[in-house]
Amino acid sequence: MKCDICNKDVFRENAHLLTTTEVVSQPEYWKLYYESNVRHFASLGSHSFGEFILKNFLTQSWFQMSGQESPWLVCPDCISLFEVDHSKTRNYAVKCWESKQWWRFKKTFLPPGSGSADGFLGLIVASNCTQLALGKDKPVLQQ
Ligand SMILES: [Zn+2]
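The sequence shown begins at 697 in this note's numbering and counts up by one.
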């Protein structure tokens with residue numbers, strides 16, 4: 697199995713399972729997404745994370761990612777991006793893994809809150825990404 701964020705191999709022993717809402721609501725995820733595709737976005741005329749937001753690439757990418765129904769498998773490196781309970785997301789990954797291996801479970805386990813993310817969340821995410829692009833700790837309009 698591969699990490700849905702960075703595409704590295706993940707194993708039962710160290711995988712985490714996150715819902716789409718948990719992934720797409722994290723501004724650091726979008727920063728990494730931009731940085732992983734930096735050449736692609738540069739070729740489209742966007743040369744910084746700020747431009748990625750301003751030129752609507754964030755919105756376009758949001759619509760692609762937020763519609764994903766199935767949960768995301770996340771490796772031990774990428775999990776540090778997300779402000780979630782890491783023991784819970786570990787536990788969900790194990791449960792999901794086991795539910796796929798045993799014939800007596802009729803359905804694959806899905807973590808609570810699975811399914812596509814609420815569209816309105818996109819507005820909050822855009823605002824949080826903008827703050828991240830500007831540097832969260834530096835108030836922009838100070839004097
Ligand atoms: Zn990863």
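Ideal Cβ placement from N, Cα and C applies to all residues, glycine included.
The beta carbons of A822 and T717 sit no closer together than 8 Å. For ligand 1, no non-hydrogen atom lies closer than 7 Å to the CB of V734.
Between D700 and L769, the beta carbon gap of about 5 Å places them in contact (Cβ cut-off 8 Å). Listed in chain order, the non-local C-beta contacts of K751 below 6 Å within the same chain comprise S742, local neighbours out to five positions each way being set aside. With contacts defined as CB atoms closer than 8 Å, F753 and K727 fail to qualify as a contacting pair.
One Cα belongs to A711, the other to V790, and the distance between them is close to 8 Å.
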